[in-house]
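See below for the structure under consideration.
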């Protein structure tokens, strides 16, 4: 089953991200899972919890409207190709994990891309890298979603909406800092960078 987003929307995702690549395709297909599940949900209804910082997160932002600024994009730095999506009004969600067999020949692609980025790849290696990436991208954009992702229903409630908290003055640098991000040390209220500096001096 090819991706259900229109070519125009996919082109806009590529423009937003800056280039087309297999990683972006993973994000497009993950976002497709959420949009198929909740076709009428507004951007503000959805929450995305991403366990990676790879290219595909840009696709999720652009296609679903989940952004850091709106408080409905949450990054958990687990290094996993996994994406959880929630619908706040429906109080339901699911987690999609990219299946190992959907990754393609990542070892060879990584090896070749490393050489390309370092400027030491031969013409043959550059060609092989482009072919591997192009083939992998075509596969990701055309394969049935159930063959790309393992999907698990989530019983946990959606993350709470963003809230406005008071700002406190850091006792060391004097900069205003959101209350929930301050630390207490030696009777002072500190921002995280100043707290870490004080910790290192102990």
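In the numbering used here, the protein residues as written are 1302 to 1503. Ideal Cβ placement from N, Cα and C applies to all residues, glycine included.
Point to revise | Candidates 1487, 1376 and 1491: closest to residue 1479 by CA position | key: Translated into the one-based positions of the chain shown, residue 1479 becomes position 178. If we check each option's Cα against that of residue 1479, 1491 comes out closest.
Review point. Can you name, in chain order, every residue of its own chain whose Cβ lies under 7 Å from the Cβ of residue 1476, other than the five neighbours on each side?
Key: As a first step, residue 1476 is located in the chain shown; it is residue number 175 there, counting from the start. Closer than 7 Å at Cβ, skipping near neighbours: 1492.
Point to revise | Start-end ranges of the beta strand (DSSP E) lying completely within the segment 1377 to 1450, minimum 3 residues | key: 1383 to 1388 and 1393 to 1399
Review point. Which residues bound the alpha helix (DSSP H) around residue 1326?
Key: Start at 1 with the first residue of the chain shown, and residue 1326 comes out as number 25. Here the alpha helix (DSSP H) through residue 1326 covers 1323 to 1338.
**Study point:** Extent of the continuous alpha helix (DSSP H) to which residue 1349 belongs
**Key:** Numbered from its first residue, the chain shown carries residue 1349 at position 48. Not the alpha helix (DSSP H): residue 1349 falls in the beta strand (DSSP E), residues 1347 to 1351.
Check your understanding: Any idea if residue 1367 is buried or exposed, counting beta-carbon neighbours within 10 angstroms, 16 or more meaning buried?
Key -> Against the chain shown, residue 1367 aligns to sequence position 66. By the 10 Å Cβ count, residue 1367 comes out buried.
Exercise for review: Whole angstroms is fine: what's the gap from residue 1415's alpha carbon to residue 1441's?
Suggested key: The sequence position of residue 1415 within the chain shown is 114, counting from 1. The sequence position of residue 1441 within the chain shown is 140, counting from 1. One C-alpha to the other measures close to 22 Å.
**Study point:** Of the listed residues 1378, 1432, 1496 and 1325, nearest to residue 1361 (C-alpha basis)
**Key:** The residue you call residue 1361 lines up with position 60 of the chain shown. It is 1325.
Review point. Which residues in the same chain as residue 1463 place their Cβ atom closer than 6 Å to its Cβ, once the five residues preceding and following it in sequence are excluded?
Key: Stepping through the chain shown from its first residue, residue 1463 is reached at position 162. Around residue 1463: 1372.
Review point. In its own chain, which residues sit with a C-beta less than 6 Å from the C-beta of residue 1484, not counting the 5 before and 5 after it?
Key: One-based indexing of the chain shown puts residue 1484 at position 183. Leaving aside the five residues that flank residue 1484 on each side, the residues in its chain whose CB is nearer than 6 Å to its CB run, in chain order, 1491 and 1496.
Point to revise | Spatially closest choice to residue 1352 from 1340, 1380, 1338 and 1330, by CA coordinates | key: Position 51 of the chain shown, counted from the start, is the residue given in the question as residue 1352. Checking every option, the nearest Cα to that of residue 1352 belongs to 1380.
Practice item. For the alpha helix (DSSP H) containing residue 1469, list its first residue and its last residue. Key: Numbered from its first residue, the chain shown carries residue 1469 at position 168. First-last for residue 1469: 1468 to 1470, but that is the beta strand (DSSP E), not the alpha helix (DSSP H).
Check your understanding: In the DSSP assignment, what residue or residues form a beta bridge with residue 1362?
Key -> Position 61 of the chain shown, counted from the start, is the residue given in the question as residue 1362. Beta-bridge pairing links residue 1362 to no other residue.
Practice item. Quick one: using the 10 Å Cβ neighbour count with 16 as the cut-off for buried, is residue 1418 buried or exposed? Key: Sequence index remark: in the chain shown, residue 1418 carries index 117 (1-based). The residue in question, residue 1418, is exposed, as its Cβ has fewer than 16 Cβ neighbours within 10 Å.
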